[in-house]
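Engineer: 455 is the number of the first residue of the sequence shown in this note's numbering; add one for each residue after it.
Note that the Cβ used here is the ideal one computed from N, Cα and C, for glycine as well.
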Amino acid sequence: MQNQEIDLILSEWSDELIESLGKNKSLCVALFGVDRKLLFATPVMDTLFKDEPYKSLINPTFDQLLEIKSESSLIFEGLLTIGNNNSINSSIAAHVFLKDG
Numbered sequence: 455m456q457n458q459e460i461d462l463i464l465s466e467w468s469d470e471l472i473e474s475l476g477k478n479k480s481l482c483v484a485l486f487g488v489d490r491k492l493l494f495a496t497p498v499m500d501t502l503f504k505d506e507p508y509k510s511l512i513n514p515t516f517d518q519l520l521e522i523k524s525e526s527s528l529i530f531e532g533l534l535t536i537g538n539n540n541s542i543n544s545s546i547a548a549h550v551f552l553k554d555g
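1. Please confirm whether Val483 and Leu471 have their CB atoms less than 8 Å apart.
2. Would you grab the beta carbon distance between Leu534 and Phe551 for me? Rounded to a whole angstrom, and I think it's under 8 Å.
3. If I follow the unbroken alpha helix (DSSP H) through Val498, where does it start and stop?
4. If Lys504 and Gly537 are in contact, beta carbons under 8 Å, what's the gap, nearest whole angstrom?
5. Verify whether the separation of the beta carbon atoms of Val498 and Ser510 is less than 8 Å.
6. Just to confirm before moving on: does the CB-CB distance between Phe486 and Tyr508 stay below 8 Å?
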């Protein structure tokens, strides 16, 4: 299926997808601005964050992720460790994307 077809299909289901993301208890999704501000997080992702959410990205860090150069919007694929230095942390399989604009 081509991206245009997927875009059309997903656009017809955007309300339902947004509702499902907001209630999902297993899918970790977070959207940050490059200014480090958390724009959106699924409930389960929110439980992994400590203090300031961007500081909870400890390996790699938020700033290390921003420094990665990539030909595509996918800048990182691997284990992302979330937490802080004072507690037990979680590592999750992650795909991190960076978009301009």
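Structural biologist: With the given structure in hand:
1. no
2. Wrong, their Cβ atoms sit about 13 Å apart, outside the cutoff.
3. Pro497 to Leu502
4. 6 Å
5. no
6. yes
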